[in-house]
Structures are given as structure tokens and as C-alpha cells.
Amino acid sequence: MSAKVFIIHENEEWTKPLKQELEALHVPYEEWFLSEGSLDLSDVPPDGIFYNRMSASSHTRDHRYAPEYTAAVLEWLESHGRRVLNDSRALALEVSKVAQYAALRKHGIVTPKTIASVGKDHLAKVADAFSEPFITKHNRAGKGLGVQLFNNPETLKAYVKSDAFENSIDGITLLQQYISSPDASITRCEFVGGKFLYAVRVDTSEGFELCPADACQVGDTFCPTTEEPKPKFEVIENFDHPVLANYEAFLKANGIAFAGIECIQNERGDLFTYDVNTNTNYNAEAERKAGVSGMKAIANTLAQELSNLHSLQK
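Per UniProt numbering: the sequence shown = residues 1 to 314.
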């Protein structure tokens with residue numbers, strides 16, 4: 001059987017744009033939908049290039065153990081020397097913001113003050129460590145899950161005691177300093193093949209955005225941040241910043257070929273990086289206006305990887 005591109009995922013909607021680009025390039029591919037399944041460890045994987053698009057938010061689509069199953073599959077593939085883009089190291093970061101922040105800091109990348117907490121009593125107690133507004137978020141998230149803004153510890157303590165409290169799927173809730181942007185925006189840097197592709201300015205005046213596909217809303221005390229309306233996106237022309245070199249080094253060290261990294265600047269111009277999305281998606285309207293395409297760039301990279309594999313097999 002000829003080698004092909006294998007797309008590992010659990011969300012058909014997010015994969016459609018990539019399949020369209022691969023088909024336009026006549027790149028053979030096969031989907032591995034890993035919401036569940038079985039793996040015979042004595043089997044030998046097929047030849048090909050494996051692209052991992054597993055998402056930390058899979059449990060919101062009733063695919064609770066998809067990341068765990070994918071981790072097993074990736075270990076199997078890697079043990080046989082298969083080329084995996086966004087490998088097992090990338091998946092480990094996708095499902096843990098604590099792991100993300102530790103890895104980012106190793107490369108000199110500044111992250112907001114963050115406390116990880118398990119248990120409601122501990123969560124309420126550590127809130128006193130914040131004298132200024134802070135947010136909560138889930139350690140294993142995606143789509144802005146669990147992100148809420150609190151102006152003071154008392155509102156957090158009331159929330160924790162209420163029926164509205166939403167625990168992280170892994171039980172770890174993060175308390176994080178809230179970074180206020182003077183122009184109500186964040187920047188999302190997109191990387192393809194481990195290299196910077198473009199940056200998007202996200203207008204957060206109507207809410208604090210964490211993912212291109214899911215808008216969010218911040219209120220005066222606390223509120224869920226995955227609701228309409230969606231913020232506006234704009235590709236930044238000729239974006240450049242010293243942190244890009246750190247980002248690329250971070251990606252290389254962690255087996256990440258494709259990612260969107262989000263950062264924000266405060267009123268003093270200090271830059272804080274707060275999210276790494278290894279299952280990155282793109283805003284079609286912003287790309288159309290700028291004449292760029294993240295999915296096309298990914299498809300081209302996969303095509304080149306497959307061509308390289310064919311050359312090695314000759």
C-alpha cells in the first residue's frame with residue numbers, strides 16, 4: 001500500500017477545510033477518528049505521515065477518552081519510527097496548561113501568574129493570593145472552558161459554593177492574573193511547519209477571546225466566556241516581535257509542527273503568553289481579507305513531508 005497522510009482527530013467539522021486543501025493538491029489521505037477504538041500493539045503501523053489534531057476539548061463532544069486513546073496510538077506510531085507531526089509531546093501540552101506554562105518558561109517566555117488548584121476548599125483559599133482581578137480556567141480546556149473573570153476573592157468564593165461551579169475535566173482549576181490590554185486586543189501567532197506564518201489581532205472589546213472558533217464574554221464580576229458575540233479578527237501585516245524566536249524554539253523542543261500561540265500586552269507593553277493551541281483553527285474571513293490560508297500552508301507542508309518519505313523509500 002502506498003504511503004499517505006493520516007489525519008488523527010475527533011472533530012469532523014474542524015477537519016473539513018484541511019481535507020479540501022489536501023484534495024486540491026491531490027494528496028492521498030486517510031482519517032483516523034479516534035473518539036474510541038482498539039489497538040493491537042503487535043500490529044505494524046502503515047507507512048505514511050501522521051498528523052495529530054486531537055483536541056483538549058474532546059470531552060465536550062462526548063469523546064471523553066479520545067486524548068488518552070490518541071496518546072496510546074502516538075506512542076505506538078513513534079515506537080515504530082513513524083513520522084508524527086504534533087507528536088506525543090505536543091499532545092501532552094495540548095491537554096495541560098500547567099505543562100504548557102512550564103515548557104514555555106524554559107524558553108524564556110513570560111506567562112501570567114498562575115496557581116493550579118484541586119478541590120473547592122483549596123480553590124477558595126488560594127484566591128486570597130490575588131489582590132487584583134483574576135480569571136479561572138480549566139487546566140484541560142479548549143474553547144475557553146472554565147474561563148471566568150473575578151474582581152476579588154469574595155466573588156470567587158461565592159462562585160465555588162454555588163451550583164454554577166464548573167470543574168475541569170481533570171479536576172485542576174487554574175487561577176490566573178487578569179491581564180488588561182489597553183486596546184482591548186490579544187494577538188494569536190500561527191505557526192506551520194514549526195515556523196511563524198502570520199499573526200492575528202483579536203478585538204476583545206466585546207469579550208475576552210481564547211480560540212478563533214469560540215467567542216467569550218467578560219462581565220463585571222464573573223461570567224462564562226464561551227458565548228456570543230464573536231470578536232473580530234484581523235491579520236496583522238508584517239508582524240514581528242522578538243518572542244517569535246522563543247516560540248519557534250519552544251515548538252521545536254516539544255514536537256509541535258502546527259500551533260496557534262496566544263499572547264497579550266498590558267498597558268506597560270509587557271507581553272504575556274497564556275495559551276498554546278496545537279489543534280489550531282483559522283478565521284476564514286480574516287484570512288480571505290489578507291490573502292493567506294493556514295490550512296493551505298498545512299496541506300503544503302504535509303504534501304512535502306509525504307514527498308520526502310517517498311524519496312527515502314526509493
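Every residue gets a Cβ at the ideal spot worked out from N, C-alpha and C, and that includes glycine.
Item	Value
Contact belief for R83 with E248 at Cβ below 8 Å, rounded distance in angstroms	20 Å between Cβ atoms; not a contact.
Start-to-end residues for the alpha helix (DSSP H) that takes in R201	Where R201 is concerned, there is no enclosing alpha helix (DSSP H), although the beta strand (DSSP E) it sits in stretches over 195-203.
N139 versus N277 - alpha carbon distance	13 Å
Chain-order list of residues whose beta-carbon lies under 6 Å from that of L145 (same chain, five-residue window excluded)	H138
Contact the stretch 6-15 vs the stretch 26-42: 3+ CB pairs below 8 Å	yes
Contact belief for Y178 with F134 at Cβ below 8 Å, rounded distance in angstroms	5 Å
Whole-number beta carbon distance between V292 and V202, since they are thought to touch under 8 Å	About 16 Å; that fails the 8 Å criterion.
Residue closest to I298, alpha-carbon to alpha-carbon, out of S42, P17, T70	P17
Cα-Cα separation, A90 to L74	10 Å
Where the alpha helix (DSSP H) through K161 begins and ends	153-161
Proximity test, Cβ basis, 7 Å: R83 and chain E	This model lacks chain E altogether, as it is built from one protein chain only.
Any alpha helix (DSSP H) of 4 or more consecutive residues that is wholly inside the stretch 9-71	12-24
Paired residues, beta bridge with I115 - DSSP	L175
Backbone CA spacing between P28 and A3 [nearest angstrom]	8 Å
Assigned exposure category for P229 - 16 Cβ within 10 Å defines buried	At P229, the pLDDT of 49 sits below 50, so the modelled position is not reliable and the matter cannot be decided from this model.
DSSP state of Y274 mapped onto helix, strand, coil	strand
Neighbourhood of H63 by C-beta distance below 6 Å, restricted to the same chain and skipping five residues each side	E10, S35
Sequence-distant residues of the same chain with beta carbon closer than 8 Å to K252, five excluded per side	G194
Beta-carbon contacts of Q20 that lie in its chain and below 6 Å, excluding the five residues immediately before and after	none
Residues near F272 by beta carbon distance below 8 Å, same chain, minus five either side	V110, T111, P112, I179, C263, I264, Q265, N266
Distance CB(I169)-CB(V118) smaller than 7 Å	no
Local Cβ density within 10 Å of S96, reported as buried at 16 or more and exposed below that	buried
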